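Asks: Each residue of the sequence shown is one higher than the last, beginning at 40 in the working numbering.
Cβ coordinates follow ideal geometry from the N, Cα and C atoms, glycine included.
If you're wondering where the values come from, they're calculated on a predicted model, not measured in any experiment.
To start, I am sharing the structure in question, which I have written as structure tokens.
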Amino acid sequence: MNEIVKVGMADLNVAKPPQKIRTSGLGSCVGVIIYDDTTKTCGMAHVMLPNSSLGKSESMNKAKYADTALDVLIQKLSDIGANKNQLKAKLAGGAQMFKFSSSSEMMRIGPRNVEAVKEKLQQLKIRIVAEDVGGSSGRTIEFDPITCKLAIRTVSQGVSEI
40 MNEIVKVGMA DLNVAKPPQK IRTSGLGSCV GVIIYDDTTK TCGMAHVMLP
90 NSSLGKSESM NKAKYADTAL DVLIQKLSDI GANKNQLKAK LAGGAQMFKF
140 SSSSEMMRIG PRNVEAVKEK LQQLKIRIVA EDVGGSSGRT IEFDPITCKL
190 AIRTVSQGVS EI
């Protein structure tokens with residue numbers, strides 16, 4: 040029985056075999072997979088925005104922002120047995136979905152999400168082992184903690200694995 044743990048937009052979750060973990064609709068959002076290949080535990084965050092300072096409300100959704108989602112995800116991973124010193128990361132998404140005539144920084148959400156995620160992973164000392172970021176197509180990703188492979192379905196480009 041292949042159980043798929045689904046991660047929604049601005050959401051995060053963790054999985055262990057036989058589960059796989061999946062998110063779809065990655066446009067400018069970045070899918071961050073953090074995993075421990077020794078304990079076969081993994082987690083995924085679907086990051087929508089680079090920085091929680093953009094969040095206005097008190098009841099902030101931490102999963103939505105690069106700078107807060109990864110802390111929560113790592114805590115959840117260690118709760119299910121991941122070793123914090125063994126963690127690795129894979130990234131996908133961060134597309135520039137729309138062409139703007141102005142090169143306004145605010146409109147570069149995809150590239151800014153990728154930069155913010157990389158910065159946070161560096162602070163956490165988690166190595167990025169593979170990435171499929173940028174471009175202008177949406178993606179659906181699925182991670183298998185047994186093989187540690189990330190399957191990426193890109194609109195009009197089929198499936199690749201990293």
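Please determine whether the Cβ atom of Leu116 lies at a distance below 6 Å from any heavy atom of the ligand NAP.
Replies: The ligand NAP is absent from the structure shown, which contains no ligand whatsoever.
Asks: Can you tell me which residues form a DSSP beta bridge with Lys188?
Replies: The residue labelled residue 188 in the question sits at position 149 within the sequence shown. Paired residues: Asp183.
Asks: For Ser67, which option in Lys79, Ile43, Gln135, Glu42 has the closest C-alpha, if you only look at C-alpha atoms?
Replies: One-based indexing of the sequence shown puts residue 67 at position 28. Residue Gln135 is the option with its Cα nearest to Ser67.
Asks: Which residues does DSSP list as the beta-bridge partners of Leu51?
Replies: Stepping through the sequence shown from its first residue, residue 51 is reached at position 12. DSSP lists Ala84 as partners of Leu51.
Asks: Might you give, ordered along the chain, the residues of its own chain that have their beta carbon closer than 8 Å to the beta carbon of Gly47, omitting 5 neighbours on each side?
Replies: Sequence index remark: in the sequence shown, residue 47 carries index 8 (1-based). Around Gly47: Thr62, His85.
Asks: Considering only the alpha carbon of each residue, which of Val198, Ser195, Ala131, Lys127 lies closest to Lys79?
Replies: Along the sequence shown, read from residue 1 onward, the residue named residue 79 stands at position 40. Looking at the Cα atoms, Lys127 is the closest of the given residues.
Asks: Val53 and Val156: beta carbons closer than 7 Å?
Replies: By 1-based counting over the sequence shown, the position of residue 53 is 14. By 1-based counting over the sequence shown, the position of residue 156 is 117. Going by C-beta atoms, Val53 is not nearer than 7 Å to Val156.
Asks: When you compare each of Thr107, Ile73, Gly64, Lys55 to Ile191 by their alpha carbons, which one comes out closest?
Replies: Stepping through the sequence shown from its first residue, residue 191 is reached at position 152. The candidate whose alpha carbon is nearest that of Ile191 is Gly64.
Asks: Which residue's Cα is closest to the Cα of Lys164: Asn90, Leu109, Cys81?
Replies: Taking the sequence shown and counting its residues from 1, one reaches residue 164 at position 125. Ranking the options by Cα distance to Lys164, first place goes to Leu109.
Asks: At what residue ranges does the region 92-166 contain a whole run of the beta strand (DSSP E), taking only runs of 3 or more?
Replies: For the region 92-166, whole beta strand (DSSP E) runs of length 3 or above, ordered along the chain, are 127-132.
Asks: With respect to the beta strand (DSSP E) encompassing Glu42, which residues constitute its N-terminal and C-terminal limits?
Replies: Counted from its first residue, the sequence shown places residue 42 at position 3. Element bounds for Glu42: n/a, residue is neither H nor E.
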